[in-house]
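Structure first, commentary second.
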Amino acid sequence: MASTLQLKLSCPPSAMQSSISYRRPHRTWSAIQRMLGRVRQQWKLLGFFEINEQHEYFKFTCMLKEGLKASIQKTIDEPVSMESQKPSDFQRVLKQMHEGYEMRTYAAPVFARFRQYLGMMDTDFQKSLTCESSYLQFISNSKSKADFFLTFDKRYFLKTQRKREIRFLLTNLSKYLDHLERYPHSILVKFLGVYSIIAPQEKKRYFIIMQSVFYPHEKINERYDIKGCQVGRWTEPTVDSSEVIVVFKDCDFGGKVITINQEQTWLLQQVKLDTQFLKALHVIDYSLLVGLQPLHDDDQFLDNTLGNILARTRL
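Residue numbering for the sequence shown follows this note's numbering, starting at 201 and increasing by one per position.
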């Protein structure tokens with residue numbers, strides 16, 4: 201029925217009127233695969249704007265790509281040793297000039313070692329961040345004033361930050377890494393790099409790179425931002441045709457129950473340890489991101505204890 205409908209819509213009127221002379225076009229398997237590929241790609245991009253030449257951030261993202269490629273290449277060409285970290289590495293600033301702007305990379309050796317610790321290859325990291333495909337702008341109902349960009353493969357978030365936020369992160373970077381080393385299954389967000397771009401007649405812009413906690417996102421059908429309070433913590437309904445990715449809040453969670461059986465004790469203990477760490481840093485504005493997805497057939501063969509799921513998100 202579907203192929204018949206497509207056939208009718210694509211036929212010129214003269215062909216439909218002269219049914220004797222009309223021959224059904226032969227659609228090859230490769231053509232069907234290409235069509236399905238386009239449909240699949242469009243579905244994957246729901247909730248995202250592709251930052252193309254017409255987008256207001258196109259020039260900025262082009263600078264990001266060029267600058268990040270050179271910055272990460274420096275680490276690839278001069279690999280760091282896991283055992284040779286020095287206190288001065290936390291203060292290092294790599295300055296690289298490009299046509300029309302300067303890119304600065306903060307604590308580059310420290311973040312390079314952290315990416316190694318997470319099992320990441322900088323060649324793969326560079327490929328995701330600097331591929332020819334455009335960055336994506338994340339479209340959600342979040343009220344954050346920061347700009348969010350996503351690599352085309354959706355592995356990494358790039359988020360603009362205020363200067364004071366960058367200063368706070370770099371000041372406490374050593375404590376943050378110590379905590380993650382002590383608790384390798386910590387559910388704190390994984391910061392992978394801190395950068396800034398300086399261009400003439402423009403305000404200096406800082407940004408960070410993080411792992412996407414919702415990768416791969418295609419299977420996730422509900423997302424929650426949980427803060428542990430109820431004041432104003434509900435989400436305005438959106439129209440069915442909206443392409444916005446809805447992030448629900450505490451009051452939207454309602455009476456839902458997540459069953460994790462024997463993992464409950466471990467998870468609650470880890471949440472307690474992570475929140476105690478944030479409290480010690482006097483951080484009071486944080487939340488727990490939760491993604492819900494049905495268990496598909498291909499998940500049945502994996503070791504889906506919570507610890508192993510968290511370990512897989514580090515790759």
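All residues carry an ideal CB built from backbone N, CA and C; glycine is no exception. Treat the numbers as computed from the prediction; the structure is a model and nothing was measured.
Candidates the options, of which the one nearest residue i by Cα
i, options, result
"residue 392", "268, 253 and 458", "268"
"residue 262", "332, 372 and 277", "332"
"residue 422", "495, 491 and 283", "491"
"residue 401", "257, 301 and 284", "301"
"residue 319", "495, 390, 395 and 414", "390"
"residue 296", "433, 396 and 250", "396"
"residue 273", "337, 399, 324 and 384", "324"
"residue 446", "362, 352 and 425", "425"
"residue 488", "494, 480, 467 and 372", "467"
"residue 305", "337, 266 and 475", "266"
"residue 383", "456, 474, 399 and 371", "474"
"residue 293", "388, 367, 326 and 249", "367"
"residue 403", "414, 363 and 412", "363"
"residue 485", "427, 260 and 448", "427"
"residue 264", "249, 398, 374 and 373", "398"
"residue 493", "413, 420 and 472", "420"
"residue 336", "448, 463 and 249", "249"
Cα-Cα separation, residue i to residue j
i, j, result
"residue 409", "residue 459", "32 Å"
"residue 254", "residue 334", "12 Å"
"residue 405", "residue 461", "45 Å"
"residue 365", "residue 277", "30 Å"
"residue 357", "residue 350", "5 Å"
"residue 477", "residue 465", "19 Å"
"residue 257", "residue 251", "7 Å"
"residue 453", "residue 433", "10 Å"
"residue 470", "residue 360", "28 Å"
"residue 380", "residue 386", "6 Å"
"residue 328", "residue 429", "36 Å"
"residue 479", "residue 299", "43 Å"
"residue 371", "residue 317", "21 Å"
"residue 279", "residue 456", "47 Å"
"residue 407", "residue 330", "16 Å"
"residue 260", "residue 270", "16 Å"
"residue 243", "residue 388", "Annotation note: pLDDT 37 at residue 243 (below 50); position unreliable, coordinate value reported separately. When rounded, the distance between both Cα atoms is 30 Å."
"residue 348", "residue 369", "18 Å"
"residue 414", "residue 374", "26 Å"
"residue 237", "residue 378", "A caution first: residue 237 carries a pLDDT of 47, below 50, which makes its placement in the model too unreliable to give a value."
"residue 143", "residue 472", "No answer is possible for residue 143: the residues shown for the chain start at 201 and end at 515."
"residue 352", "residue 463", "33 Å"
"residue 303", "residue 448", "36 Å"
Local Cβ density within 10 Å of residue i, reported as buried at 16 or more and exposed below that
i, result
"residue 321", "exposed"
"residue 354", "buried"
"residue 315", "buried"
"residue 450", "buried"
"residue 482", "exposed"
"residue 281", "exposed"
"residue 495", "exposed"
"residue 275", "buried"
"residue 284", "exposed"
"residue 394", "buried"
"residue 376", "buried"
Residues bridged to residue i [DSSP beta-bridge criterion]
i, result
"residue 304", "295 and 396"
"residue 354", "Beta-bridge pairing links residue 354 to no other residue."
"residue 426", "488"
"residue 410", "357 and 391"
"residue 364", "Per DSSP, none; premise fails for residue 364."
"residue 337", "249 and 349"
"residue 448", "424"
"residue 315", "Answer is none; residue 315 lacks a bridge partner."
"residue 405", "397"
Beta carbon proximity, residue i to chain D, threshold 7 Å
i, result
"residue 282", "Absent here is chain D; the protein component of the structure consists of one chain."
Task: Cβ pair count under 8 Å reaching 3, the region 303-310 against the region 279-293 - done: yes
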